[in-house]
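Report on the following structure.
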Amino acid sequence: MIEKGSENMQIALTKKLADAMGVDCPSVHKVVDPLFSWTANWTKVWDNRRAEDMLVLVNNATRFTVAIYQVKRKDLKNVAEMMRTAILNTLLYMNLNPELVGEYLRLAGEVEFTQNRNRQTAAWVTKAGLDCAFYVGREYNSIAKMFSDTVGVPANYRIVNYTGNTSEGFYPYKAMISALSELTGKQAYKYRAFELMVTLDLDVYKAVRRIIVPADIEFACLHKVLQSVFDWKNCHLYDFAIFDGNNHIPVARLVPFEEDLEYDEGAILMEGHILSEFFPEHKHMLYTYDMGDNWEHEIQLVRVIEGHDKESPYLLEASGQTPPEDVGGVGGFVNFREIIQNPNHPEYGEMKEWAKYWTIDLSDWKTRPKVIHY
């Protein structure tokens, strides 16, 4: 374990951010460990908007990204605490050991603002802002007002410093985890997790995915995980229904949008709800995707893993190809499959053109165990 004295968390502000905050930042007057040093910028997600609305921070040692959206000018009054909290929440959102995160923030000390004069870190934070803006634009395009301090997470799963030589590139989240583990001497991951068996019954066979997810995963995130492992395109409505024993009437139904409540007043808006509210008390739920084709994925709790020490969500096992989108449900898929396996069928050419790159069997890559980044 590396012994550290008390440091300050030094955050170098771009001129645009410093001007917006109305502060006159000094140039760096002391050198701190780069792990406690960040560069921050204020940028905008939408080119057609006049005002900036997103804060972006990049760690100077690891290029780890933290981003906060929406942040308007009036929100910059307590920006130091906002940034510190965002760093905490982003690390915890990625399931890092709370003891490790807490120790890092304790060692980092209070936030100290300085003026950024480093062109390289300025370029890093600009690039991170573009990556975060792309994610926000894709995920929150129809939401006029919101606040999230974890929108920087996906940027950390993108390789950086890559110039064609694979030995040069690295993933910011891996660099950050390694640095924090070395700094604190604590294990990177330590959390409760669930192993789930997810089955999509297609009559002619079953598509099965066995996964590990954090027990406290939000249902909106679980939806993204299931979309990823089943290779769906996330272009239809969905819900989760929790069942008790052999009872066919759900004890709870969770929906993603307020509009869904108009059709089922007893449903629960899933925002903020996590899987451990229902598992392991209940051990069975249905994830239904595409209310037209009605793809019902049966989710069973296989085991509870206390003190899980590895990264997740994680795909353990996959078998059975997922149908193409909009094929017409199980019945439509059975008919499609019969045609696509018979080159002499009169509809084969038309169906092959419609299905494009869909294949009968899962590719080797899709069956391999892997971490799921969504």
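Okay, so the sequence shown: first residue is 6 according to the numbering used here, each after it adds one. Every residue gets a Cβ at the ideal spot worked out from N, C-alpha and C, and that includes glycine. Remember, it's a predicted structure, so these values are computed and weren't measured experimentally.
Closest to THR70 by C-alpha separation, out of MET14, TYR98, TYR178, would be which residue? TYR178
Verify whether the separation of the beta carbon atoms of SER42 and ASN65 is less than 7 Å. yes
Delimiting residues of the beta strand (DSSP E) encompassing HIS302: 300 to 313
Rounded C-alpha distance that separates SER32 from SER183: 29 Å
Taking the alpha-carbon positions, what's the ALA272 to ALA127 distance? 47 Å
For PRO39 and ASP366, what's the separation of their Cα atoms in angstroms? 48 Å
Which whole-angstrom value is the C-beta distance of HIS253 and MET296, which I expect to be below 8 Å? HIS253 to MET296, Cβ: 18 Å. No contact.
Can the beta-carbon of LEU105 be found closer than 7 Å to that of LYS21? no
With C-beta atoms as the reference, is ILE377 less than 7 Å away from PRO329? no
Just to check my reading of the structure: PHE284 and LEU306 have Cβ atoms closer than 8 Å, yes? What is that Cβ distance to the nearest angstrom? 5 Å
What runs of the alpha helix (DSSP H), each 4 residues or longer, lie entirely inside the segment 52 to 123? 84 to 98, 103 to 113
Leaving out five residues before and five after ILE310 in sequence, what residues of the same chain have Cβ atoms less than 8 Å from its Cβ? ARG197, ALA198, PHE199, GLU200, ILE217
Are there 16 or more other CB atoms within 10 angstroms of the CB of ARG143, so buried, or fewer, so exposed? exposed
Could you work out which residue in CYS226, MET87, ASP244, GLY333 is closest to LEU159 when comparing CA atoms only? Looking at the sequence itself, residue 159 is Pro, so the reference to Leu does not match. Minimum Cα distance to PRO159 is reached at CYS226.
Just the C-alpha distance for LEU231 and CYS30, rounded to the nearest angstrom, thanks. 46 Å
Does ILE7 come out as helix, strand or coil in the three-state DSSP assignment? In this prediction, ILE7 scores a pLDDT of 39, lower than 50, which makes its location untrustworthy; the coordinate-derived value is nonetheless stated afterwards. Note: ILE7 maps to coil in three-state DSSP.
CA nearest to the CA of GLY336, picked from ASN299, LYS357, GLU223: ASN299
Let me make sure I understand the geometry here. Which of ASN121, GLY114, SER153, MET87 has the alpha-carbon closest to that of ALA23? ASN121
Start-end ranges of the alpha helix (DSSP H) lying completely within the segment 325 to 353, minimum 4 residues: 334 to 345
Please confirm whether PHE224 and HIS278 have their CB atoms less than 7 Å apart. yes
Assign GLN15 to buried or exposed, taking buried as 16 or more other Cβ atoms, counted over all protein chains shown, within 10 Å of its Cβ. buried
How many Å lie between LEU101 and PRO351 at the Cα? 55 Å
Locate the beta strand (DSSP E) running through GLN15, then write down its first and last residues. 14 to 18
Look at the Cβ atom of VAL50, then the Cβ atom of ARG89, and state whether they are nearer than 7 Å. no
Among the residues of its own chain, which have a CB less than 6 Å from the CB of MET356, if the five just before and after it don't count? ILE344, ILE345
Under the three-state reduction of DSSP, which class applies to LYS361: helix, strand or coil? coil
Name the residue from THR119, VAL130, SER153, HIS302 whose alpha carbon lies nearest to the alpha carbon of ARG214. HIS302
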